[in-house]
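Asks: In order, the protein sequence lines correspond to chains A and B.
If you're matching positions, the first sequence starts at 1 in the working numbering and goes up one per residue.
If you're matching positions, the second sequence starts at 187 in the working numbering and goes up one per residue.
Sending over a structure as structure tokens; questions will come in a sec.
2 protein chains.
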Amino acid sequence: MPEGTDVFEVIHTTRAMRRLKPDPVPDELIRNILLAGQAAASGGNTQRWRFLVLKDPEIKKKVQVYYKKAFDETNEYLTDHYHEAPVWIVACLEGASPTRSAGSSIYPAVQNMLLAARALGLGATLTTRHLTYEKETEAAMGIPPGFHSYAILPIGYPMGRFGPVARGPLADVVYLDGWGKPYPGI
Amino acid sequence: MPEGTDVFEVIHTTRAMRRLKPDPVPDELIRNILLAGQAAASGGNTQRWRFLVLKDPEIKKKVQVYYKKAFDETNEYLTDHYHEAPVWIVACLEGASPTRSAGSSIYPAVQNMLLAARALGLGATLTTRHLTYEKETEAAMGIPPGFHSYAILPIGYPMGRFGPVARGPLADVVYLDGWGKPYPGI
């Protein structure tokens with residue numbers, strides 16, 4: 001386990017890790033990531049989630065074909081090597097039509113898993129691009145009616161190094177007691 | 187700062203803290219929570235978020251009226267005392283219609299803030315119920331066209347104690363390489 005697992009250090013060094021080694025990842029680490037996901041809150045504590053872990057190269061390859069179709073140049077490396085990540089966690093939620101707050105019952109779990117992965121020295125990224133080909137990719141992964149995927153997290157040992165995330169001044173995005181009003185001292 | 191800030195301990199003890207003291211919270215703690223939010227990933231790293239901090243009792247009371255209208259018995263205490271939390275962080279995102287993955291650019295930030303609050307000894311909860319009266323509550327908070335609120339986090343010193351979150355067996359919600367297929371040893 002690299003460095004510390006202080007939550008602030010972990011939060012501020014959880015970069016999108018897009019270049020992953022194909023080396024296998026111990027199940028015990030994946031288990032700890034999934035436990036972290038399951039610990040998140042969900043609307044009314046309904047826990048209508050399922051976490052589909054994919055290691056099968058064929059299934060991952062089928063989905064990567066669509067991922068590449070919805071190509072985004074900024075993520076070129078990940079696009080070509082998407083399916084080579086040894087483990088994917090597909091975060092799924094029960095329920096049909098997405099409302100604005102639907103994601104509030106699944107993305108907190110996703111974020112817990114990203115932080116847990118980081119704390120365990122594993123690289124991961126939150127990806128949603130497969131949803132451009134939602135029907136095709138959910139069919140390839142065998143997600144049944146009544147459930148939908150909200151994110152695919154490709155997980156593996158990173159090629160690059162973890163490091164601080166870069167963000168602008170907090171004052172640019174924080175207001176106090178009124179839109180556009182500065183928060184003194186922030 | 188209570189106990190440790192080990193990320194796994196923090197994740198597994200971040201309960202919804204619904205009973206909050208009205209005592210004020212130091213700005214420095216709120217700042218650390220906001221920094222944690224800002225460190226989260228967002229789609230294409232676009233960071234189209236704004237965090238509206240509300241301390242103004244009048245604005246909070248206006249929103250609480252609608253929160254109470256959309257009453258949910260399981261959260262009775264929070265409903266009556268919603269506006270008494272000394273600080274609210276309203277997580278907002280630029281962009282109009284919600285897609286399934288819209289929340290992927292704001293709820294990771296929300297989860298970082300919940301974990302940061304926990305690590306700082308502050309109680310908080312992810313609430314979305316105000317969206318039942320979306321237009322009325324967003325007007326009361328002065329959120330301009332082009333932005334929408336995705337969550338309100340009431341923050342304060344908790345009356346109750348932090349403790350482990352309760353979850354069922356991981357095997358109930360995790361599959362490997364096919365829907366319904368058990369993950370051996372999970």
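Where a beta carbon is used, it is the ideal one built from N, C-alpha and C, also for glycine.
Measure the C-alpha to C-alpha separation of Gly364 (chain B) and Lys248 (chain B) and round it to an integer number of angstroms.
Replies: For Gly364 (chain B) and Lys248 (chain B), the distance between alpha carbons rounds to 48 Å.
Asks: Please state the DSSP three-state secondary structure of Tyr336 (chain B).
Replies: Correct three-state label for Tyr336 (chain B): strand.
Asks: Note down the Cα distance separating Leu362 (chain B) from Lys207 (chain B), rounded to an integer number of angstroms.
Replies: Cα to Cα, Leu362 (chain B) sits roughly 44 Å from Lys207 (chain B).
Asks: Give the interface partners of Val211 (chain B) over in chain A, defined as CB-CB distance under 8 Å, in chain order.
Replies: Those within 8 Å of Val211 (chain B) in chain A number zero; the least Cβ separation is about 13 Å.
Asks: Output, in sequence order along the chain, the residues in the segment 323-349 of chain B whose CB is closer than 7 Å to any CB in chain A.
Replies: Of all residues in the segment 323-349 of chain B, Gly328, Ile329, Pro330, His334, Tyr336 and Ala337 have a Cβ within less than 7 Å of some Cβ in chain A.
Asks: Along chain A, which residues have their Cβ under 8 Å away from the Cβ of Phe194 (chain B)?
Replies: By Cβ distance, chain A contributes Thr5, Asn32, Ala36, Ala116 and Ala119.
Asks: Against chain B, with Cβ distances strictly below 9 Å, would Ala16 (chain A) count as a contact?
Replies: Yes, Ala16 (chain A) counts as interfacial toward chain B.
Asks: Thinking just about the alpha-carbon of each residue, which of A:Gly95, A:Glu138, A:Glu58 and A:Thr5 is nearest to the one in His83 (chain A)?
Replies: Considering only alpha carbons, the answer is A:Glu58.
Asks: Answer with yes or no whether the minimum CB distance from Asp80 (chain A) to chain B is below 9 Å.
Replies: So, not an interface residue.
Asks: Under 9 Å between C-beta atoms, does Lys241 (chain B) make it to chain A?
Replies: So yes, Lys241 (chain B) belongs to the interface.
Asks: Is it buried or exposed, Gly307 (chain B), if we count other Cβ atoms within 10 angstroms and call 16 or more buried?
Replies: By the neighbour-count rule (16 or more Cβ atoms within 10 Å), Gly307 (chain B) is not buried but exposed.
Asks: Give me, in chain order, the residues of the same chain whose beta-carbon lies closer than 6 Å to that of Pro2 (chain A); leave out the 5 immediate sequence neighbours on both sides.
Replies: Annotation note: pLDDT 45 at Pro2 (chain A) (below 50); position unreliable, coordinate value reported separately. Cβ neighbours of Pro2 (chain A) beyond the five flanking positions: Gly121.
Asks: Going by C-alpha to C-alpha distance, which of A:Asp23, A:Gly180 and A:Gln64 sits closest to Met159 (chain A)?
Replies: Ranking A:Asp23, A:Gly180 and A:Gln64 by Cα distance to Met159 (chain A) puts A:Asp23 first.
Asks: Give a yes or no on whether 9 Å exceeds the smallest Cβ distance from Glu270 (chain B) to chain A.
Replies: It does not; no Cβ of chain A falls within 9 Å.
Asks: Which residues does DSSP pair with Phe51 (chain A) in a beta bridge?
Replies: In DSSP, Phe51 (chain A) forms a bridge with A:Ala91 and B:Val360.
Asks: Using DSSP with H/G/I as helix, E/B as strand and the rest coil, what is Ala128 (chain B)?
Replies: No information on residue 128 (chain B) is available, as it lies outside the stretch 187 to 372 that chain B covers here.
Asks: Kindly indicate which three-state DSSP category Glu9 (chain A) falls into: helix, strand or coil?
Replies: The answer is helix: DSSP assigns Glu9 (chain A) an H, G or I state.
Asks: So is Tyr252 (chain B) buried or exposed if we call it buried at 16+ other beta carbons inside 10 Å?
Replies: The residue in question, Tyr252 (chain B), is buried, as its Cβ has 16 or more Cβ neighbours within 10 Å.
Asks: List the residues of chain A whose Cβ lies closer than 8 Å to the Cβ of Leu312 (chain B), in chain order.
Replies: Result: Ala41, Ser104 and Pro108.
Asks: If you follow the alpha helix (DSSP H) that Pro243 (chain B) is in, where does it begin and where does it stop?
Replies: Segment Pro243 to Lys255, the alpha helix (DSSP H) holding Pro243 (chain B).
Asks: Would Leu52 (chain A) pass as a contact of Val90 (chain A) if the rule is Cβ separation under 9 Å?
Replies: Result yes, Cβ atoms of Leu52 (chain A) and Val90 (chain A) sit closer than 9 Å.
Asks: Can you give me the C-alpha to C-alpha distance between Thr14 (chain A) and Leu115 (chain A), rounded to a whole angstrom?
Replies: Taking the straight line joining both Cα atoms gives about 7 Å.
Asks: Val360 (chain B) versus chain A: which residues are under 7 Å apart at the beta carbon?
Replies: Under the 7 Å cutoff, chain A gives Leu34, Phe51 and Val53.
Asks: Which first and last residues belong to the alpha helix (DSSP H) in which Val110 (chain A) is found?
Replies: Element bounds for Val110 (chain A): Tyr107 to Ala119.
Asks: Give the interface partners of Leu356 (chain B) over in chain A, defined as CB-CB distance under 8 Å, in chain order.
Replies: Simply Arg31, Leu34, Leu35 and Gln38.
Asks: Does DSSP put Ile30 (chain A) in a helix, in a strand, or in coil?
Replies: Residue state, collapsed to three classes: helix.
Asks: Can you list, in chain order, the residues of its chain with a C-beta nearer than 8 Å to that of Asp172 (chain A)? Leave out the 5 residues immediately preceding and following it.
Replies: Answer for Asp172 (chain A): no residue qualifies.
Asks: From what residue to what residue does the alpha helix (DSSP H) around Ala326 (chain B) run?
Replies: That run of the alpha helix (DSSP H) goes Glu320 to Met327.
Asks: What first and last residue would you give for the alpha helix (DSSP H) that runs through Glu84 (chain A)?
Replies: Where Glu84 (chain A) is concerned, there is no enclosing alpha helix (DSSP H), given that its DSSP letter is neither H nor E.
Asks: How about Leu317 (chain B): is its C-beta nearer than 9 Å to some C-beta of chain A?
Replies: Closer than 9 Å: yes.
Asks: Between Thr232 (chain B) and the rest of its own chain, which residues show a CB-CB distance below 8 Å, the 5 nearest in sequence each way excluded?
Replies: For Thr232 (chain B), where only same-chain residues beyond five positions count, the Cβ hits under 8 Å are Ser291.
Asks: Just to confirm before moving on: does the CB-CB distance between Ser228 (chain B) and Arg236 (chain B) stay below 9 Å?
Replies: No.
Asks: Could you have a look at Gly156 (chain A) and say whether DSSP puts it in helix, strand or coil?
Replies: Strand at Gly156 (chain A).
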